[in-house]
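Okay, so the sequence shown: first residue is 1 according to full-length UniProt numbering, each after it adds one.
Glycine included, C-beta positions come from ideal geometry on N, C-alpha and C.
Worksheet: the structure to be examined is printed underneath.
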Amino acid sequence: MEFVALGIAGAFEVRNVVHADDRGEFAEWFRFDHIEANTGYRFPVRQANVSRSSRGVVRGIHYAEVPPGQAKLVTCMTGRIRDVVVDIRVDSPTFGQWEAIDVSAAARNAMLLPYGVGHAFVALDDDTTVCYLVSDVYTPDKENGIFPLDPEIGIDFGMPADQLLLSPKDQDAPTLSDAHAAGLLPHVSAKEPVK
Numbered sequence: 001m002e003f004v005a006l007g008i009a010g011a012f013e014v015r016n017v018v019h020a021d022d023r024g025e026f027a028e029w030f031r032f033d034h035i036e037a038n039t040g041y042r043f044p045v046r047q048a049n050v051s052r053s054s055r056g057v058v059r060g061i062h063y064a065e066v067p068p069g070q071a072k073l074v075t076c077m078t079g080r081i082r083d084v085v086v087d088i089r090v091d092s093p094t095f096g097q098w099e100a101i102d103v104s105a106a107a108r109n110a111m112l113l114p115y116g117v118g119h120a121f122v123a124l125d126d127d128t129t130v131c132y133l134v135s136d137v138y139t140p141d142k143e144n145g146i147f148p149l150d151p152e153i154g155i156d157f158g159m160p161a162d163q164l165l166l167s168p169k170d171q172d173a174p175t176l177s178d179a180h181a182a183g184l185l186p187h188v189s190a191k192e193p194v195k
């Protein structure tokens, strides 16, 4: 596994080693010891999620209140996504900035997100299956969202806005400025490790 630091502190692209032969291929996509050794994070997996999406489906921007927060390791089992981390930590030097990588079943890569950041993705292919390992269980009253097409953030999802499909919840989510004004954003140092 190779861990490539992204421009948002605590976020990494994880490039997995794929072993292929005439039988097919094999890759490890999660090793808690590799994550800790390469990032300094302890990543206690508390829940695993899977979603299937059609091309153009946007999920996010989602985040969990801190504490407890929720770190994530996100990968594709089929298809591909543009995976986006948004720094919503109000005390972070990169507050309001985002970075995206394409994560795909073919590349066998993943994105590791620290707690306290926002996460979104768009499915770039039909029948895209995404798996997430998360550091804490889903707690509905601790989950929040930000409107993914907020022009202040300006995420490039790689396709025209009229081709994007959002859930009603994501469509009605507050903008970054509104969430900040309402006191809904995390106040956590960008250097704090995952609990």
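Worksheet item: For Asn16, which of helix, strand or coil comes out of DSSP?
Response: Taking the first residue of the sequence shown as 1, we reach residue 16 at position 16. DSSP, read as helix, strand or coil, puts Asn16 in coil.
Discussion item. Quick test of your reading: Leu133 and Leu73, contact by CB under 8 Å. State the CB separation rounded to the nearest angstrom.
Written reply: Taking the sequence shown and counting its residues from 1, the one referred to as residue 133 is at position 133. Taking the sequence shown and counting its residues from 1, the one referred to as residue 73 is at position 73. Their Cβ separation, rounded to whole angstroms, is 4 Å, which keeps Leu133 and Leu73 in contact under 8 Å.
Practice prompt. Please confirm whether Val58 and Leu164 have their CB atoms less than 7 Å apart.
Written response: As a first step, residue 58 is located in the sequence shown; it is residue number 58 there, counting from the start. As a first step, residue 164 is located in the sequence shown; it is residue number 164 there, counting from the start. Taking 7 Å as the cut-off, the Cβ atoms of Val58 and Leu164 count as close.
Worksheet item: Less than 7 Å separating the beta-carbons of Arg89 and Ala27?
Response: Position 89 of the sequence shown, counting from 1, holds the residue named residue 89. Position 27 of the sequence shown, counting from 1, holds the residue named residue 27. Going by C-beta atoms, Arg89 is not nearer than 7 Å to Ala27.
Practice prompt. Could you give the DSSP three-state label for His119: helix, strand or coil?
Written response: In the sequence shown, residue 119 corresponds to position 119, counting from 1. Here His119 sits in strand by DSSP.
Worksheet entry | Under 7 Å between C-beta atoms of Leu124 and Val85 | Here residue 124 refers to the residue found at position 124 of the sequence shown. Here residue 85 refers to the residue found at position 85 of the sequence shown. Contact flag unset, no.
Item to complete: Over the uninterrupted beta strand (DSSP E) stretch that includes Ala5, give me the two end residues.
Response: For this step, residue 5 is matched to residue 5 along the sequence shown. Per DSSP, Ala5 belongs to the beta strand (DSSP E) from 2 to 5.
Worksheet item: Would Pro44 be called buried (16 or more neighbouring beta carbons within 10 Å of its own) or exposed?
Response: Position 44 of the sequence shown, counted from the start, is the residue given in the question as residue 44. Pro44 comes out exposed.
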